[in-house]
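Participant:
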Amino acid sequence: MSDTHSDVIVQLVWYSSAVLLLMTLMLLLLTLFMHYERRQREKSRQQATEQWTPILFSWIYSPEQTTGPLPQLNAEGFGFVVQLWLQLEQTVRGSASTRLAELAQRLDLIPVMKQWLHGYSTDKKLTAIMALGIVQEKSAFAELLPHVLDKRTIFSLVAARALLSIDAKLGLPVILSQIYRDDWSVSRVAGLLVRLPHDLMVRSVTECAEKATAKELRRLIKLMHILSPIDSQPLIQQALTQYPDEMELLTTAFASAVSPDLLPLLRQQVEHPQWEVRVQLAKALARLGDSSDAPLLLNMLSDPNWWVRYRAAQSLISLPGVDEAQLQLWQQQLTDPFALAILLQVKEEQQRQHQGRT
Amino acid sequence: MMNDWMQQVIELTHQWVQQLDLAPWLVPLQWLLVGYFVCLSAGYLTLNLVALLVMRSHIQSARTELLPASYASFLTPISVLVPAYNEQETIASSVLSLLQLTYPEYEVIVINDGSKDDTLEVLKQSFALSLSSATCPLRLPCQPIRGIYQSSRYPNLKVIDKANGGKADALNAGVNLSRFPLFCGVDADSILQRDSLLRIIRPFLEDPDAIAAGGTVRIANGCEVKDGLLLKAALPNKILPQLQIVEYLRGFLFGRLGWSSLNALLIISGAFGLFKKDLVIEVGGYRHKTIGEDMELVVRMHKHMRLHQRKYRIYFIPDPVCWTEAPEDVATLAQQRVRWQRGLLESLSANMSLLFHPKSGVVGWLAFPFALLFEALGPALEVMGYLFMLFTWLAGWLDPAALLAFLVVTIGFGILISVVALVLEEMSYPVYPGGRSIMRLFFMAVLENFGYRQLNSWWRLKGLWLWARNSKSSWGTMKRSGKWQNSK
């Protein structure tokens, strides 16, 4: 490299250093400025909280004192107040909730929430969906509908709750059309439907079940079992008659069975080729069965699968009216060594548990 | 006296260079090193710019920082996995802090990985553990489990006692026992912010294709901590942890944020990361006998998803969610850095097929080569650069003014990217109070260029050397005071 060439490069390096130094100092100043600005923002948030918390509480508990004008709010202050309003809303019921909805009207919340609904901020969007649901804003129903179909679980669930809150009858079919989404867990859906009028909920879920596949029916049985166990029995009946070979569906159905009316159908499955079904059947017989089921369970003690034998033994011991004398009698009658072994094992386990408790 | 000695060295170097006739090699080598520095700087500058843009949009979309409590019932439940090996001093307060997290539904599974001290006894006594009859399916291979314990005081706390198999093995055992669809790996010697799960769940709420998310790890030295909860963030008094604070800010805030926005983040810190359980099981879980099991898993997940052409995203969130103790002495720090470098090299070499694979996209064509060239092999080139400068100066080929200019620009660039990290911190979630903290961190950003950076390059070079020699991997003994766990 020639000397002149090198000099130019070195010169360039010095210039770059100067630019870097300048940029560094500017960024440092920017950092300090942002620090100052943030502190100011925190202060105004604190002030808004201090000013508005008593206002929100007096709106709930002393409505007669709230006739005067509300303090002015800038955009940032408005955001803080909406958050406060939402937090408080979650903790109150009845007339207090109505009063907070009135405050929302006074704050002219709805148009702003509709704006937020179409913005880019995730938090604002979620806040808007919730707020519009809470104030039961009918005009927002159509705007909220697409959010139920959102791929993001939280958006879809929060929107579903808002729709049900605004108009349960109109909203329910939309929610039911999404009920089989994998990301909507059964307990979450139950949480949504639990506030609906009982008859409407039962009728809608039962109607859904009429056209359900085995997988869907399994989900609906689980759902109904959480919401109203006794109303899940017709669905279980449907499962047993319509899909007798679907193992997962049958195990769910047996686990959810609470009505003795199902016993005749359950007993028919004693020879089911899949052991998982037989295990659940043994457990269901323990819950619902009577002494007439003892022969069935005694037969199951010789099942080739250990779990079936184990559950059958547990069920047998827990059948109503079974005492020590009856157990001794069965022990003497049993010829299969596996059946006898499992019965003795379960008997001993129960005695130990009993001793442990006493 | 010193000047005479220097003069002698310079003259000897002159003679040696003339004898060897090295001149034809020096120009290409010079251009290689300059080219390396320019590419590295361009890469970091681009990452900085991307990080600034991403941070801006992140803040706009998450201005209120936390989800309102009313969304709680819709949040996916999480299993928090805590592998522990010889953690008797800190395990009780760590677990206690985990049991106080603000999240609607989660379980804590502590995995005692065959500790030789009283970790299990401490856990048994502190949390009223009793042997449970629970079993867990072996979906991922792990060492034999000796027992599963359930706390009678905290229904969501379980402890696995198993034979020693390393951190990866312990995490696999935890995944096997976990009940929930998402799991979060947490280091036993770290503490989490109370709202950390609420923060890190966000990508999974907003994007159905999210498969993993990592958060920022901050240094806890100097902070006030009581019963495993962080009361007040503050800068430490010692210089070494302060230097590491600047380093962590840089590494997390622009490094990871930048790559995350390109969906090419290659590492989620083992100290705190949230993963979709099914997918981790699908890729075979954590790999045994790896130092950097956290990075290796993430790179393997990328490979799996890219090569199968499945839609996915791995996120990094800039929120400060996890606090950990930084080494306060040089020996421990050196040991840590050597280990990190080996972990990086192991993770990359185990997934080399991703490099320039036609289906590997931005990961295989950009992030992987960048990590390989500038982070894995970088220390060798950096040390070579320092030696080259010294050598050319001694040989009389480098004008002192030019040497000075190059040093100033290198140092200036180092300071600039550290200051960008300070800007990013201030933009996102500043934790250290007062303008004085900013000035102290700025001072550290300048200071680290005089010795600390060079030492780091040396340790990393040592890690590279040990990896190349394939010497046995081990965690070594990290010297931690643990005082910060109850500093108030």
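Chains H and Y, in that order, are what the protein sequence lines are. In our numbering, each residue's number is its place in the first sequence (first place is 1) plus 11. In our numbering, each residue's number is its place in the second sequence (first place is 1) plus 998. Ideal placement from N, C-alpha and C gives every residue a C-beta, glycine not left out.
For chain Y, check one thing: does any of its Cβ atoms lie closer than 8 Å to the Cβ of residue 92 of chain H?
Facilitator: In the first sequence, the residue the question calls residue 92 of chain H occupies position 81. It does not; no Cβ of chain Y falls within 8 Å.
Participant: Just to confirm, is the Cβ distance from residue 1143 of chain Y to residue 1171 of chain Y under 8 Å?
Facilitator: Counted from its first residue, the second sequence places residue 1143 of chain Y at position 145. Counted from its first residue, the second sequence places residue 1171 of chain Y at position 173. Yes.
Participant: Can you tell me which of the three DSSP states residue 241 of chain H falls into?
Facilitator: For the purposes of this step, residue 241 of chain H is taken as residue 230 along the first sequence, with counting starting at 1. Residue 241 of chain H: helix per DSSP, three-state reduction.
Participant: Check the Cβ of residue 1280 of chain Y against every Cβ in chain H and list those closer than 7 Å, keeping chain order.
Facilitator: Along the second sequence, read from residue 1 onward, the residue named residue 1280 of chain Y stands at position 282. Correct list: empty, because the minimum Cβ distance to chain H is about 16 Å.
Participant: Count the other C-beta atoms from every protein chain shown that fall within 10 angstroms of the C-beta of residue 1299 of chain Y, then say buried if there are 16 or more, exposed otherwise.
Facilitator: On the second sequence, residue 1299 of chain Y is found 301 positions in, with the first residue counted as 1. Flag for residue 1299 of chain Y reads buried.
Participant: Less than 8 Å separating the beta-carbons of residue 1446 of chain Y and residue 1241 of chain Y?
Facilitator: Within the second sequence, the letter at position 448 stands for residue 1446 of chain Y. Within the second sequence, the letter at position 243 stands for residue 1241 of chain Y. Yes. Within cutoff.
Participant: Would you call the stretch 1372 to 1391 of chain Y and the stretch 1028 to 1040 of chain Y touching, i.e. three or more CB-CB distances under 8 Å?
Facilitator: Flag = yes, the stretch 1372 to 1391 of chain Y and the stretch 1028 to 1040 of chain Y touch.
Participant: Going by beta-carbon coordinates alone, are residue 1238 of chain Y and residue 1339 of chain Y separated by less than 8 Å?
Facilitator: Residue numbering aside, residue 1238 of chain Y sits at position 240 when the second sequence is read from its first letter. Residue numbering aside, residue 1339 of chain Y sits at position 341 when the second sequence is read from its first letter. Cβ atoms of residue 1238 of chain Y and residue 1339 of chain Y: not closer than 8 Å.
Participant: Got a sec: is the Cβ-Cβ distance from residue 1006 of chain Y to anything in chain H below 8 Å?
Facilitator: If you number the second sequence from 1, residue 1006 of chain Y lands on position 8. Not closer than 8 Å to any Cβ of chain H, the Cβ of residue 1006 of chain Y fails to qualify, so no.
Participant: Taking only beta-carbon positions, decide if residue 186 of chain H is within less than 8 Å of chain Y.
Facilitator: Taking the first sequence and counting its residues from 1, the one referred to as residue 186 of chain H is at position 175. Judged by the 8 Å Cβ criterion, residue 186 of chain H is not in contact with chain Y.
Participant: Would you mind stating whether residue 1420 of chain Y and residue 42 of chain H have Cβ atoms separated by less than 8 Å?
Facilitator: Here residue 1420 of chain Y is taken as the residue at index 422 of the second sequence, counted from 1. Here residue 42 of chain H is taken as the residue at index 31 of the first sequence, counted from 1. Yes, Cβ-Cβ distance for residue 1420 of chain Y and residue 42 of chain H is below 8 Å.
Participant: Please state if the CB of residue 1074 of chain Y and the CB of residue 1202 of chain Y are separated by a distance shorter than 8 Å.
Facilitator: For the purposes of this step, residue 1202 of chain Y is identified with residue 204 of the second sequence, where counting begins at 1. For the purposes of this step, residue 1074 of chain Y is identified with residue 76 of the second sequence, where counting begins at 1. The answer is yes: Cβ separation under 8 Å.
Participant: Along the stretch 152 to 171 of chain H, where does the CB come closer than 7 Å to a CB of chain Y? Name the residues.
Facilitator: 162, 163, 164, 165, 168, 169
Participant: For residue 221 of chain H, collect the residues of the same chain with a Cβ closer than 6 Å to its Cβ; drop the 5 residues on either side in sequence, then sort them by chain order.
Facilitator: The residue labelled residue 221 of chain H in the question sits at position 210 within the first sequence. Apart from sequence neighbours up to five positions away, no residue of its chain approaches residue 221 of chain H with a beta-carbon distance below 6 Å.
Participant: Beta-carbon of residue 34 of chain H versus every beta-carbon of chain Y: anything under 8 Å?
Facilitator: Position 23 of the first sequence, counted from the first residue, corresponds to residue 34 of chain H. It does; some Cβ of chain Y falls within 8 Å.
Participant: Taking contact to mean at least 3 C-beta pairs separated by less than 8 Å, is the stretch 1443 to 1460 of chain Y in contact with the stretch 1330 to 1345 of chain Y?
Facilitator: yes
Participant: In the DSSP output, which residue or residues are listed as bridge partners for residue 1311 of chain Y?
Facilitator: For the purposes of this step, residue 1311 of chain Y is taken as residue 313 along the second sequence, with counting starting at 1. The bridge partners DSSP lists for residue 1311 of chain Y are Y:1208.
Participant: Under 8 Å Cβ to Cβ from residue 62 of chain H, same chain only, skipping five residues before and after it: list those, please.
Facilitator: Within the first sequence, the letter at position 51 stands for residue 62 of chain H. These residues qualify, in order along the chain: 82.
Participant: In or out: residue 1108 of chain Y buried (at least 16 other Cβ within 10 Å) or exposed?
Facilitator: As a working mapping, residue 1108 of chain Y is identified with position 110 in the second sequence. Per the 10 Å Cβ criterion, buried.
Participant: Per the DSSP calculation, residue 1080 of chain Y is bridged to which residue(s)?
Facilitator: Numbered from its first residue, the second sequence carries residue 1080 of chain Y at position 82. Its beta-bridge partners are Y:1108.
Participant: Tell me the rounded alpha-carbon separation between residue 1064 of chain Y and residue 1422 of chain Y.
Facilitator: By 1-based counting over the second sequence, the position of residue 1064 of chain Y is 66. By 1-based counting over the second sequence, the position of residue 1422 of chain Y is 424. Confidence in residue 1064 of chain Y is poor, its pLDDT being 43 and thus under 50, which makes the residue's placement too unreliable to answer from.
Participant: Taking 8 Å as the threshold (C-beta atoms), are residue 1196 of chain Y and residue 1101 of chain Y in contact?
Facilitator: Looking up residue 1101 of chain Y in the second sequence gives position 103. Looking up residue 1196 of chain Y in the second sequence gives position 198. Result yes, Cβ atoms of residue 1101 of chain Y and residue 1196 of chain Y sit closer than 8 Å.
Participant: Name, in chain order, the residues that DSSP records as bridge partners for residue 1013 of chain Y.
Facilitator: Mapped onto the second sequence, residue 1013 of chain Y falls at position 15. For residue 1013 of chain Y, which the question treats as bridged, DSSP gives no partner whatsoever.
Participant: Give the residues from the stretch 1407 to 1427 of chain Y that approach chain H closer than 7 Å (Cβ to any Cβ), ordered along the chain.
Facilitator: Among the residues of the stretch 1407 to 1427 of chain Y, those with a Cβ less than 7 Å away from any Cβ of chain H are 1407, 1410, 1411, 1413, 1414, 1417, 1418, 1420, 1421, 1424, 1425, in the order of the chain.
Participant: With distances taken between CB atoms, is the gap from residue 333 of chain H to residue 340 of chain H smaller than 8 Å?
Facilitator: Indexing the first sequence from 1 puts residue 333 of chain H at position 322. Indexing the first sequence from 1 puts residue 340 of chain H at position 329. Cβ distance not < 8 Å, so residue 333 of chain H and residue 340 of chain H don't count as in contact.
Participant: Mind checking the stretch 35 to 64 of chain H against chain Y and listing, in chain order, the residues whose C-beta falls within less than 8 Å of any C-beta there?
Facilitator: 35, 38, 39, 41, 42, 43, 45, 46, 47, 49
Participant: Cβ atoms of residue 311 of chain H and residue 320 of chain H: under 8 Å apart, would you say?
Facilitator: For the purposes of this step, residue 320 of chain H is taken as residue 309 along the first sequence, with counting starting at 1. For the purposes of this step, residue 311 of chain H is taken as residue 300 along the first sequence, with counting starting at 1. Contact: yes.
Participant: For the stretch 1306 to 1319 of chain Y against the stretch 1249 to 1261 of chain Y, are there 3 or more C-beta pairs whose distance is under 8 Å?
Facilitator: yes
Participant: Tell me, please, whether the stretch 1266 to 1282 of chain Y touches the stretch 1290 to 1297 of chain Y by the rule of three or more beta-carbon pairs shorter than 8 Å.
Facilitator: yes
Participant: Is there at least one Cβ from chain H nearer than 8 Å to residue 1436 of chain Y's Cβ?
Facilitator: As a first step, residue 1436 of chain Y is located in the second sequence; it is residue number 438 there, counting from the start. Closer than 8 Å: yes.
Participant: Could you say which of H:96, H:118, H:52 lies nearest to residue 79 of chain H if we only look at CA atoms?
Facilitator: Working through the first sequence from its first residue, we reach residue 79 of chain H at position 68. It is H:118 whose Cα lies nearest to the Cα of residue 79 of chain H.
Participant: Just how far apart, CA to CA, sit residue 72 of chain H and residue 107 of chain H?
Facilitator: Numbered from 1 along the first sequence, position 61 holds the residue referred to as residue 72 of chain H. Numbered from 1 along the first sequence, position 96 holds the residue referred to as residue 107 of chain H. Rounded to the nearest angstrom, the two C-alpha atoms are 7 Å apart.
Participant: Just reading off the beta strand (DSSP E) that residue 1167 of chain Y is part of, what are its end residues?
Facilitator: Start at 1 with the first residue of the second sequence, and residue 1167 of chain Y comes out as number 169. Run containing residue 1167 of chain Y: none in the beta strand (DSSP E); it sits in the alpha helix (DSSP H), 1165 to 1175.
Participant: Quick check on the burial criterion: 16 or more other C-beta atoms within 10 angstroms. Buried or exposed for residue 1025 of chain Y?
Facilitator: For the purposes of this step, residue 1025 of chain Y is taken as residue 27 along the second sequence, with counting starting at 1. Burial call: exposed.
Participant: Checking contacts by CB at 8 Å: is residue 1218 of chain Y closer than that to chain H?
Facilitator: As a position in the second sequence, residue 1218 of chain Y is number 220, starting the count at 1. No, no contact with chain H.
Participant: When you compare the CB of residue 1332 of chain Y with every CB in chain H, is at least one pair closer than 8 Å?
Facilitator: Taking the first residue of the second sequence as position 1, residue 1332 of chain Y is located at position 334. Chain H, which has no Cβ nearer than 8 Å to the Cβ of residue 1332 of chain Y, makes this no.
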